[in-house]
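Each remark here refers to the structure printed beneath this line.
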Amino acid sequence: MNEEIKNEIQKLKKEKDAVILAHYYVDGEVQEIADYVGDSYYLAEIATKVPESTIVFCGVSFMGESAKILNPKKRVVMADGHADCPMAHMVDVDKIREVRKEYPDVSVVCYVNSTAEIKAESDVCVTSSNALKIVKNLPNKDIFFIPDENLGRFVASQLPEKHFIFNDGFCHVHKSIHKEELQKAKEAHPEALVLTHPECTGDILELSDFIGSTSQIIDYATKSENNTFIICTEMGVFYELHQKNPEKKFYSVGHRQFCPNMKMVRLEGVKEALETMQPEVNLDEEMRQKAALPLEKMLKLAA
Ligand code: 13P
Ligand code: SF4
Numbered sequence: 011m012n013e014e015i016k017n018e019i020q021k022l023k024k025e026k027d028a029v030i031l032a033h034y035y036v037d038g039e040v041q042e043i044a045d046y047v048g049d050s051y052y053l054a055e056i057a058t059k060v061p062e063s064t065i066v067f068c069g070v071s072f073m074g075e076s077a078k079i080l081n082p083k084k085r086v087v088m089a090d091g092h093a094d095c096p097m098a099h100m101v102d103v104d105k106i107r108e109v110r111k112e113y114p115d116v117s118v119v120c121y122v123n124s125t126a127e128i129k130a131e132s133d134v135c136v137t138s139s140n141a142l143k144i145v146k147n148l149p150n151k152d153i154f155f156i157p158d159e160n161l162g163r164f165v166a167s168q169l170p171e172k173h174f175i176f177n178d179g180f181c182h183v184h185k186s187i188h189k190e191e192l193q194k195a196k197e198a199h200p201e202a203l204v205l206t207h208p209e210c211t212g213d214i215l216e217l218s219d220f221i222g223s224t225s226q227i228i229d230y231a232t233k234s235e236n237n238t239f240i241i242c243t244e245m246g247v248f249y250e251l252h253q254k255n256p257e258k259k260f261y262s263v264g265h266r267q268f269c270p271n272m273k274m275v276r277l278e279g280v281k282e283a284l285e286t287m288q289p290e291v292n293l294d295e296e297m298r299q300k301a302a303l304p305l306e307k308m309l310k311l312a313a
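One gets the working numbering by counting positions in the sequence shown from 1 and adding 10 to each.
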């Protein structure tokens, strides 16, 4: 059954001049049929380089929006139109405007896990792989970091020369990884290194050996001489971790490392998106142009 769908997807992709991009959190079987799989930064960047006229996005809506913002001439279709990241909605335009009034020299630093509307009000975008580098090199002392408080605090802890204003957004998946459970996992696997995404809370980061984006976690585990790891991020990364390191052992912490939105993306949805070219990402052109500025700035500053 799956083989049949996979073959149809390959056929449709050629017929429709489409390329499939997928995030590491979608199911392994979807990652398997994708042309490019990566973290949010890689996916935003590769979307600007692929020659195909249509991008089928296997991820949540902010990822498809970023691809469209950066490539207005391409058609961007979501493999699932309901897959959305709750954190992307955890700040509003009024709050940004209030902070700008209070701190006229502030730089509004917007994690890509945000809506196009929020990006359009921001100065620069960042992802978990480049936030530290980009914020460090900004000339502004005042930084309003939106929407994720945990990533903001992780960056701030390494830049004491800056003044940060935080927003109270969070990822429910990473927040559900608890210190007591991590301690138990460490006791059960004392030889393991703990690899963690910076959306986790500070007490988890403190117990970690490495903190990075999904791609950086996979790279670290692959290059490490260690053979055992505890992974503090969404379960989807286990697919690539096992693909690249069949002999190594990877453990999760508890059973809640599961993003229900990313898991909405299914092979059937990819096939349907290729057949119907729906749901297509469409944005108001004025907003798109405004949102493109901080995203383009990110691509320039992260390079
Ligand atoms: P990455 O950019 O590390 O892939 O993270 C995206 C994300 O949604 C984390 O929850
Ligand atoms: Fe959003 Fe968290 Fe899911 Fe990432 S894991 S897409 S931040 S809800």
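All residues carry an ideal CB built from backbone N, CA and C; glycine is no exception.
Alpha carbon of residue i to alpha carbon of residue j, nearest angstrom
i: residue 265; j: residue 246; result: 13 angstroms
i: residue 18; j: residue 128; result: 37 angstroms
i: residue 57; j: residue 198; result: 41 angstroms
i: residue 293; j: residue 66; result: 16 angstroms
i: residue 114; j: residue 155; result: 15 angstroms
i: residue 42; j: residue 107; result: 43 angstroms
i: residue 176; j: residue 249; result: 33 angstroms
i: residue 137; j: residue 311; result: 12 angstroms
i: residue 90; j: residue 234; result: 35 angstroms
Beta-carbon gap between residue i and residue j smaller than 8 angstroms
i: residue 178; j: residue 209; result: no
i: residue 150; j: residue 116; result: yes
i: residue 184; j: residue 243; result: yes
i: residue 239; j: residue 258; result: yes
i: residue 134; j: residue 119; result: yes
i: residue 167; j: residue 226; result: no
i: residue 215; j: residue 231; result: no
i: residue 125; j: residue 92; result: no
Cβ neighbour criterion (16 or more within 10 Å) applied to residue i
i: residue 363; result: Residue 363 lies beyond the range of the chain shown here (11 to 313); nothing can be said about it.
i: residue 162; result: buried
i: residue 207; result: buried
i: residue 84; result: buried
i: residue 193; result: exposed
i: residue 304; result: buried
i: residue 82; result: exposed
Beta-carbon contacts of residue i that lie in its chain and below 8 angstroms, excluding the five residues immediately before and after
i: residue 33; result: 47, 48, 49, 50, 53, 68, 69, 70, 73, 224, 246 and 272
i: residue 306; result: 80
i: residue 22; result: 28, 281, 284 and 285
i: residue 171; result: 151
i: residue 12; result: 39 and 277
Cβ-based neighbour list, residue i, same chain, cut-off 7 angstroms, excluding 5 preceding and 5 following
i: residue 190; result: none
i: residue 262; result: 241 and 245
i: residue 201; result: 238
i: residue 142; result: 165 and 168
i: residue 195; result: 240, 261 and 263
i: residue 146; result: 169
i: residue 63; result: 27, 84 and 85
i: residue 279; result: 89 and 90
CB contact below 8 angstroms: residue i versus chain D
i: residue 25; result: Structure shown: chain D not included; a single protein chain is present.
Close Cβ partners of residue i (< 6 angstroms) along its chain, the five nearest in sequence each way excluded
i: residue 203; result: 219, 236 and 239
Legend entry - Three-pair Cβ contact test at 8 angstroms for the stretch 100 to 110 versus the stretch 286 to 300: no
Inset, instruction - Assess, as a yes-or-no matter, whether the stretch 46 to 54 is touched by the stretch 273 to 282 under the definition of 3 or more beta carbon pairs within less than 8 angstroms. - result: no
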